[in-house]
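Residue numbers (the numbering used here), protein chains in the order written: chain R, 1 to 345; chain U, 346 to 690. For every residue, glycine included, the Cβ atom is placed at its ideal position computed from N, Cα and C. A short worksheet on the structure shown next.
2 protein chains.
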Amino acid sequence: MGVSLKDVAQRAGVSVKTVSNVVNSYPHVKPETRERVQRAIDDLGYRPNLTARHLRKGRTGIIALAVPELGNPYFADLATAVIDAASQHDHIVLLDHTAGLREKEVLVSQGFRSHIIDGLILSPIRLETEDLLARAGGPPLVLLGEREYDAPYDHIAIDNVAAARTAVRHLIELGKRRIAFLGARHESLRQPAHLRLRGWREEIRASGGVPDESLVLATDGYDRRDGAAAMTRLLDRTDPPDAVFAYNDLVALGAMRVLTERGLRIPEDIAVVGFDDIEEGQYAAVSLTTMSPDKTAIARLAVDCLVERIASGASTAAFPRRILPGCTLTVRESTIGRGRPGTGA
Amino acid sequence: MGVSLKDVAQRAGVSVKTVSNVVNSYPHVKPETRERVQRAIDDLGYRPNLTARHLRKGRTGIIALAVPELGNPYFADLATAVIDAASQHDHIVLLDHTAGLREKEVLVSQGFRSHIIDGLILSPIRLETEDLLARAGGPPLVLLGEREYDAPYDHIAIDNVAAARTAVRHLIELGKRRIAFLGARHESLRQPAHLRLRGWREEIRASGGVPDESLVLATDGYDRRDGAAAMTRLLDRTDPPDAVFAYNDLVALGAMRVLTERGLRIPEDIAVVGFDDIEEGQYAAVSLTTMSPDKTAIARLAVDCLVERIASGASTAAFPRRILPGCTLTVRESTIGRGRPGTGA
DNA sequence: CTGAAAGCGCTTACAG
DNA sequence: CTGAAAGCGCTTACAG
Chain R
1 MGVSLKDVAQ RAGVSVKTVS NVVNSYPHVK PETRERVQRA IDDLGYRPNL
51 TARHLRKGRT GIIALAVPEL GNPYFADLAT AVIDAASQHD HIVLLDHTAG
101 LREKEVLVSQ GFRSHIIDGL ILSPIRLETE DLLARAGGPP LVLLGEREYD
151 APYDHIAIDN VAAARTAVRH LIELGKRRIA FLGARHESLR QPAHLRLRGW
201 REEIRASGGV PDESLVLATD GYDRRDGAAA MTRLLDRTDP PDAVFAYNDL
251 VALGAMRVLT ERGLRIPEDI AVVGFDDIEE GQYAAVSLTT MSPDKTAIAR
301 LAVDCLVERI ASGASTAAFP RRILPGCTLT VRESTIGRGR PGTGA
Chain U
346 MGVSLKDVAQ RAGVSVKTVS NVVNSYPHVK PETRERVQRA IDDLGYRPNL
396 TARHLRKGRT GIIALAVPEL GNPYFADLAT AVIDAASQHD HIVLLDHTAG
446 LREKEVLVSQ GFRSHIIDGL ILSPIRLETE DLLARAGGPP LVLLGEREYD
496 APYDHIAIDN VAAARTAVRH LIELGKRRIA FLGARHESLR QPAHLRLRGW
546 REEIRASGGV PDESLVLATD GYDRRDGAAA MTRLLDRTDP PDAVFAYNDL
596 VALGAMRVLT ERGLRIPEDI AVVGFDDIEE GQYAAVSLTT MSPDKTAIAR
646 LAVDCLVERI ASGASTAAFP RRILPGCTLT VRESTIGRGR PGTGA
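Shown next as structure tokens:
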């Protein structure tokens, strides 16, 4: 601390410009000058002050990632992947969580940390299109997740309708007919789960069935406790389902805990499919069949998009992209029972 | 972007100093001046450039948190708590993961991001004392976790020996006599798990038993797969244990998966105790008894310590503190069976 | 209560 | 190939 370019320049007997050239490996520096400067740098233990560099260049090399909560392993995995992808581009990651609160999501999206971050990756739950449109020239933004917006920003998300149909089809092919949907939120149709719920309806119709809306269970959130509560309500009724498609793995795992407590067999009595493919599902007592989004691809695409937008210098995207990473079905014991290796390890 | 103090000053017809005073809510500003400036700020949509402020003040308000991996829910929870604690002090958090690699831990501890961060909270796995001593005047540092160092830095960690003894005593009180320890690392005695292993030995001796070192199972890491692999090795022997104390919950959950696959009953055949109290354990088919460190306290203490050290301006701590947050036993089905409510929810 | 000026540590045209 | 100087946008003694 305290050693500046000027100190190095003085010691090496050159101007700060020359030192700067060496530090930034500018090619046209006379070898002996470079060596002299390098020695001064080493002697003094000089390290460039990045803040100053940032101020000058107008970029910080920091991108922010805002997710609802790190406590959901899906988002922890995603954050890990984003950190790694960002480091490929020499960027570091400032992490924040919104708890899925619209107020916090708005705050983050408005870039209350502008000037510190070059760009933002946001996975919103309750944010509305109008909030995005009101965003006054903040840093470039890339959106993640199931919510859809009519706003000038890139959006990375799997095809939720198609993925949900795949999950439900799997259950139908196993002979299940009363398939519940766990995790529709107590809110408007534009909330998350909307698309997965639509997939549920479409696939049931496609198989010649009629969606039973009483099998759609609303929840407060998407945690284990929400899954457990919804499953309890479902089982307390007279006509239980023979399968459950959950909004995500946490909801599915909460539901499975209740099934186990009640002594019901998975999948014989009730089969379960989740969504996200968190590792916990592999090691559950009955391992969990789930839809596996390609998290690495999602993170990489998000960071690539963002870095590109940052380079372009525009706050909004004139031609916003909609990118669909892959999502595949991973079959485990919760739908086909023991018999094949369960952990997938 | 592009609106500076100067622009606001011009529009309001005052000097930049006055605008700065208003922005920083300096008390002695004539009300009508303040109002005029505020109007200019609003009209222009001015937002202070934090990078410039940082350069000037020499502080950024950013602290870094480096954990082995976010994929372990314990660290995800800890990160969440650190972010919240930091925001209490108006600091934001740069997150990094080390994968428990010494090289990466050294890099982080040497502050390769110095000048961007005001301080660092590091949870090391393989870092050595010499690495810390070689640290050349980086930003203030607070250490977390089971590793112990003889270095001038504050250290926040529960009393691992005492906590392990509590866990083992619980098993002994339930009548268990052959208690295995899962998760000693294939490395030196100074590695993590050392203290918990010592607690295991001490408590067995205290109960009048003799620690059976063949029941100490080494693992490569502390993940579910490590627990599953170790449990498999243990069961393939002729003399299985009647209880397992795992280094952490992930190892315990991996072990439980294997027990379930083999058709063994938990806790009747083999009881299991973990460490960390991650939510997953509450919702496992057999809910997991575990040691519950006070993560919120750990995060708060770490941030408080760090902020204090930052304020003091010293890179190292003349009188490093050793702080011991609480850690309590949480009893669930994996030791006492079904019969009481299991999820603890 | 407010202004003019220096300076935080860099990078970058502009000269030479 | 290298130097002198301006400027990124703030804050802070120093005056008045």
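Practice task
Quick one: grab the DSSP three-state call for A529/U.
Solution key: Stepping through the second sequence from its first residue, residue 529/U is reached at position 184. Note: A529/U maps to strand in three-state DSSP.
Problem - Burial state of Y371/U (16 or more Cβ within 10 Å) - result: As a working mapping, residue 371/U is identified with position 26 in the second sequence. Y371/U is exposed by the Cβ-count criterion.
Practice task
Kindly indicate the opening and closing residues of the beta strand (DSSP E) around I62/R.
Solution key: What you label residue 62/R is simply residue 62 of the first sequence in a count that begins at 1. I62 to V67 is the extent of the beta strand (DSSP E) around I62/R.
Exercise for the section: Take V3/R and list the residues in its own chain whose beta-carbon comes closer than 8 angstroms to its own, dropping the five residues that flank it on each side. Expected result: Along the first sequence, read from residue 1 onward, the residue named residue 3/R stands at position 3. Only residues of its own chain outside the window of five on either side were considered, and among them L44, G45, Y46 and R47 have a CB closer than 8 angstroms to the CB of V3/R, listed in chain order.
Exercise for the section: Please compile the residues from chain R whose C-beta is within a distance smaller than 8 angstroms of the C-beta of T363/U. Expected result: Counting from one through the second sequence, the residue named residue 363/U turns up at place 18. Ordered by position in chain R, no residue passes the 8 angstroms Cβ test against T363/U, which lies about 21 angstroms from the chain.
Problem - F75/R: first and last residue of the uninterrupted alpha helix (DSSP H) it sits in - result: Along the first sequence, one-based indexing puts residue 75/R at 75. F75/R -> alpha helix (DSSP H) spans P73 to Q88.
Problem - Span separating the alpha-carbon of I407/U from that of I461/U - result: By 1-based counting over the second sequence, the position of residue 407/U is 62. By 1-based counting over the second sequence, the position of residue 461/U is 116. Cα to Cα, the separation comes out at about 7 angstroms.
Handout entry: 7 angstroms Cβ shell around L70/R - same chain, five flanking residues per side excluded
Key = Walking along the first sequence from the start, residue 70/R turns up at place 70. Counting only residues of its own chain and dropping the five nearest sequence neighbours on each side, L70/R has a CB closer than 7 angstroms to the CB of A76, A79 and H97.
Exercise for the section: State the CB to CB distance for the pair S334/R and P267/R, rounded to an integer number of angstroms; the pair is presumed to be in contact (CB under 8 angstroms). Expected result: In the first sequence, the residue the question calls residue 334/R occupies position 334. In the first sequence, the residue the question calls residue 267/R occupies position 267. Right, their Cβ atoms sit about 6 angstroms apart.
Practice task
Compare the C-beta of Y283/R against all C-beta atoms of chain U and say whether one is closer than 9 angstroms.
Solution key: Numbered from its first residue, the first sequence carries residue 283/R at position 283. So, interface residue.
Exercise for the section: Would you mind reading off the limits of the alpha helix (DSSP H) that contains G227/R? Expected result: Here residue 227/R refers to the residue found at position 227 when the first sequence is read from its first residue. Per DSSP, G227/R belongs to the alpha helix (DSSP H) from R224 to L235.
Exercise for the section: Measuring alpha carbon to alpha carbon, tell me which of A600/U, I466/U, T511/U and D504/U ends up nearest A591/U. Expected result: Residue mapping note: residue 591/U aligns to position 246 of the second sequence, counting from 1. Ranking the options by Cα distance to A591/U, first place goes to A600/U.
Handout entry: Start-to-end residues for the alpha helix (DSSP H) that takes in S331/U
Key = Nothing about residue 331/U can be read from this structure; chain U reaches only from 346 to 690.
Practice task
Going by CA-CA distance only, name the one from R257/R, E173/R, D277/R and I92/R that's closest to T330/R.
Solution key: As a position in the first sequence, residue 330/R is number 330, starting the count at 1. Out of R257/R, E173/R, D277/R and I92/R, D277/R has the C-alpha closest to the C-alpha of T330/R.
Problem - Supposed contact pair L95/R and L440/U - C-beta distance, whole angstroms, cut 8 angstroms - result: What you label residue 440/U is simply residue 95 of the second sequence in a count that begins at 1. What you label residue 95/R is simply residue 95 of the first sequence in a count that begins at 1. Going by Cβ atoms, the distance from L440/U to L95/R rounds to 4 angstroms, so yes, they are a contact pair.
Practice task
Output yes or no for whether 9 angstroms exceeds the beta carbon distance between A426/U and A644/U.
Solution key: Taking the first residue of the second sequence as position 1, residue 426/U is located at position 81. Taking the first residue of the second sequence as position 1, residue 644/U is located at position 299. Result yes, Cβ atoms of A426/U and A644/U sit closer than 9 angstroms.
Handout entry: R522/U - DSSP class collapsed to helix/strand/coil
Key = Here residue 522/U refers to the residue found at position 177 when the second sequence is read from its first residue. In this structure, R522/U counts as coil in the three-state DSSP scheme.
Handout entry: Backbone CA spacing between G483/U and L395/U [nearest angstrom]
Key = The sequence position of residue 483/U within the second sequence is 138, counting from 1. The sequence position of residue 395/U within the second sequence is 50, counting from 1. So the two alpha carbons sit approximately 22 angstroms from each other.
Exercise for the section: Output, in sequence order along the chain, the residues in the segment 583-613 of chain U whose CB is closer than 8 angstroms to any CB in chain R. Expected result: L598, G599, M601, R602, T605 and E606
Practice task
For E103/R, decide whether its Cβ has a neighbour in chain U, counting only Cβ atoms nearer than 9 angstroms.
Solution key: The residue labelled residue 103/R in the question sits at position 103 within the first sequence. It does not; no Cβ of chain U falls within 9 angstroms.
Practice task
Below 7 angstroms between beta carbons is the criterion; list the residues of the segment 73-85 of chain R that meet it against any residue of chain U, in chain order.
Solution key: Of all residues in the segment 73-85 of chain R, only P73, A76, D77, A79, T80 and I83 come within less than 7 angstroms of chain U when Cβ atoms are compared, listed by chain position.
Problem - DSSP beta-bridge partners of L141/R - result: Residue 141/R sits at position 141 when you count from the first residue of the first sequence. Answer by DSSP bridge pairing, in chain order: L120/R.
Practice task
Ignore the nearest five residues each way along the sequence and tell me which others in I323/R's own chain have a CB closer than 6 angstroms to its CB.
Solution key: Along the first sequence, read from residue 1 onward, the residue named residue 323/R stands at position 323. Closer than 6 angstroms at Cβ, skipping near neighbours: I156 and L301.
Problem - Of the listed residues R522/U, L446/U, G445/U and D499/U, nearest to F664/U (C-alpha basis) - result: Counting from 1 along the second sequence, the entry for residue 664/U is found at position 319. Among R522/U, L446/U, G445/U and D499/U, the Cα nearest to that of F664/U belongs to D499/U.
Handout entry: Proximal chain R residues relative to N394/U, where beta-carbon distance stays under 8 angstroms
Key = Here residue 394/U refers to the residue found at position 49 of the second sequence. Result: L55 and H115.
Exercise for the section: Rank T583/U, A629/U, L477/U and I517/U by C-alpha distance to the C-alpha of P556/U and give the top, closest one. Expected result: To locate residue 556/U, count along the second sequence from 1; it is residue 211. Nearest option by C-alpha distance: I517/U.
Practice task
May I ask you to list, following chain order, the residues of the segment 553-572 of chain U that have a beta carbon less than 7 angstroms from some beta carbon of chain R?
Solution key: R569 and R570
Handout entry: Cut-off 6 angstroms between Cβ atoms - residues of its own chain near P638/U, not counting five sequence neighbours on either side
Key = As a working mapping, residue 638/U is identified with position 293 in the second sequence. I503 and C672, listed in sequence order.
Handout entry: Between the CA atoms of L133/R and T289/R - distance to the nearest angstrom
Key = Taking the first residue of the first sequence as position 1, residue 289/R is located at position 289. Taking the first residue of the first sequence as position 1, residue 133/R is located at position 133. For T289/R and L133/R, the distance between alpha carbons rounds to 39 angstroms.
Exercise for the section: List the endpoints of the continuous alpha helix (DSSP H) containing H194/R. Expected result: Within the first sequence, the letter at position 194 stands for residue 194/R. Segment H194 to A206, the alpha helix (DSSP H) holding H194/R.
Practice task
Give the straight-line distance between the Cα atoms of T511/U and L580/U, rounded to the nearest whole angstrom.
Solution key: Here residue 511/U is taken as the residue at index 166 of the second sequence, counted from 1. Here residue 580/U is taken as the residue at index 235 of the second sequence, counted from 1. Cα-Cα distance, rounded: 25 angstroms.
Exercise for the section: For S632/U, decide whether its Cβ has a neighbour in chain R, counting only Cβ atoms nearer than 9 angstroms. Expected result: The residue given as residue 632/U occupies position 287 in the second sequence. Yes, S632/U counts as interfacial toward chain R.
Practice task
Classify R348/R as buried or exposed, calling it buried when 16 or more other Cβ atoms lie within 10 Å of its own Cβ.
Solution key: With chain R covering only 1 through 345, there is no way to say anything about residue 348/R.
Exercise for the section: Could you please tell me which residues of the segment 632-651 of chain U, in chain order, have their CB closer than 7 angstroms to any CB of chain R? Expected result: Residues are counted here when their Cβ sits less than 7 angstroms from a Cβ of chain R; for the segment 632-651 of chain U the count is zero.
Exercise for the section: Buried or exposed for D118/R, please, with buried defined as at least 16 other CB atoms from any protein chain shown within 10 angstroms of its CB. Expected result: Within the first sequence, numbered from 1, the residue matching residue 118/R stands at position 118. D118/R should be labelled buried.
Exercise for the section: Output yes if chain R places a C-beta closer than 9 angstroms to the C-beta of A690/U; else output no. Expected result: Counting from 1 along the second sequence, the entry for residue 690/U is found at position 345. Low local confidence applies: a pLDDT of 41 at A690/U is under 50, so the model's placement there is unreliable, and no value is given.
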